[in-house]
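Colleague: Residue 215 in UniProt numbering sits at position 215 of the sequence shown, and the numbers go up by one each step.
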Amino acid sequence: MTTLGIYEKALPKNISWLERLQLAKKLGFDFVEMSIDETDERLKRLDWTKEERQEIRVAIEETGIQILSICLSGHRRFPFGSQDKEKRSQALILMEKAVDLASDLGIRTIQLAGYDVYYEEKTVTSRAFFIENLKKAVAIAAAKEVVLSIEIMDDPFINSITKFLKIKEQIRSPYLQVYPDLGNLSAWPENDVGYELALGIDQITCIHLKDTLAVTETFSGKFKEVPFGSGCVDFLGCLKTLKQLDYNGPFLIEMWSETSETPEKEIEQAKKFLIPYLKKAGY
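#1: Hey, which unbroken runs of the beta strand (DSSP E) at 3 residues or more fall wholly within the segment 30 to 55?
#2: Just mark Phe228 as buried or exposed, buried being the case when its beta carbon has 16 or more other beta carbons within 10 Å.
#3: Which class does Gln244 belong to by DSSP, given the choice of helix, strand or coil?
#4: Would you list the one or two residues that DSSP bridges to Gly5?
#5: Using the three-state DSSP reduction, which class does Asp202 fall into: helix, strand or coil?
#6: Measure the C-alpha to C-alpha separation of Ala98 and Pro263 and round it to an integer number of angstroms.
#7: With distances taken Cα to Cα, identify the nearest neighbour of Ser260 among Glu8, Val215 and Pro12.
#8: Is Phe129 close to chain B, meaning its C-beta is less than 8 Å from at least one C-beta of that chain?
#9: Under a Cβ-count criterion, where at least 16 other Cβ atoms within 10 Å of its own Cβ denotes burial, should Gly114 be classed as buried or exposed?
#10: Considering only C-alpha positions, which residue in the set Lys26, Leu112 and Arg20 is nearest to Glu38?
#11: Give the range of the alpha helix (DSSP H) segment to which Leu274 is assigned.
#12: Is the number of C-beta pairs between the segment 211 to 228 and the segment 166 to 177 that are closer than 8 Å three or more?
#13: Below 8 Å on the Cβ atoms is my guess for Lys243 versus Ala281; work out the distance and round it to an integer in Å.
#14: To the nearest angstrom, report how far apart Ile15 and Met153 are at their CA atoms.
#15: As a quick exercise: from Thr125, Gly81 and Ser149, pick the residue whose alpha carbon is nearest that of residue 365.
#16: Would Ser257 pass as a contact of Ala24 if the rule is Cβ separation under 8 Å?
#17: Determine the direct distance from the alpha carbon of Glu120 to that of Glu145, and round the result to whole angstroms.
#18: Spatial neighbours of Ala76 within its chain, please: CB distance less than 6 Å, with the 5 preceding and 5 following residues excluded, ordered by chain position.
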């Protein structure tokens, strides 16, 4: 079977990185995806000292569980496409710090949210600013051989691989790739999911496993905390399609149980649901 990872926010929040990686190992995972979201608490990670970074490296070596990717959602607060020049400048500063952190910790991929802006009005200008600054971000990442991977989102700006590829046409770099979330991809009724996966197969760095409730004319969809098996995702169909396309990259279970009283139980339930589908698909 290919490698299977767990999102940091599925694991208990107030534990050390050594404890977090030990728990991931105990639960049978191969790697963890780190979260650097828009909160001050997690943005401070970008300013970890040499000693703090060394602690992480030691934890990785001791457990054998790597941190293969960073979910950098801090750009919700400081978006590439903002009308505010200071926020755009801060977005690039965050990007440079994240690339440095990834390089120091041996992280291969930084996942970027596919938003031009999140809290502001979307305009042609916000799209232009987004592309302008994404180009700069890709150059920063390429200099340290770190890949930036755009997640297919819960937002119309990039809610399909087709839309990602339209951006990629303007930034033709191997250091810009795509990170499909099967839940997000499936929730938008205009997406032909099998076609989308086939279209972008040579650009995919990792796959998020998550369930969602579909968008309809009267419902805006639900993109988080949908129990596996109760949503709209055809997991077997998606996974069989990926296998037929010779996708052999990692899969990442995305959950938000870090403040739950029973995170381990919830993670085990998710694995119990997903593993049979992975095996049936040939992984």
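Where a beta carbon is used, it is the ideal one built from N, C-alpha and C, also for glycine.
Modeller: Judging by the given coordinates:
#1: 31 to 36
#2: With 16 or more other Cβ atoms within 10 Å, it is buried.
#3: helix
#4: Phe31 and Leu252
#5: Three-state DSSP puts Asp202 in a helix.
#6: 28 Å
#7: Nearest C-alpha to Ser260: Pro12.
#8: The chain inventory of the structure shown lacks chain B, comprising one protein chain alone.
#9: buried
#10: Ranking the options by Cα distance to Glu38, first place goes to Leu112.
#11: Pro263 to Lys280
#12: no
#13: 5 Å
#14: 29 Å
#15: Because the chain here runs from 1 to 283, residue 365 falls outside it and cannot be looked at.
#16: no
#17: 32 Å
#18: First, the amino acid is wrong: residue 76 is Arg here, not Ala. So the list reads Glu38 and Tyr118, once near-sequence residues are dropped.
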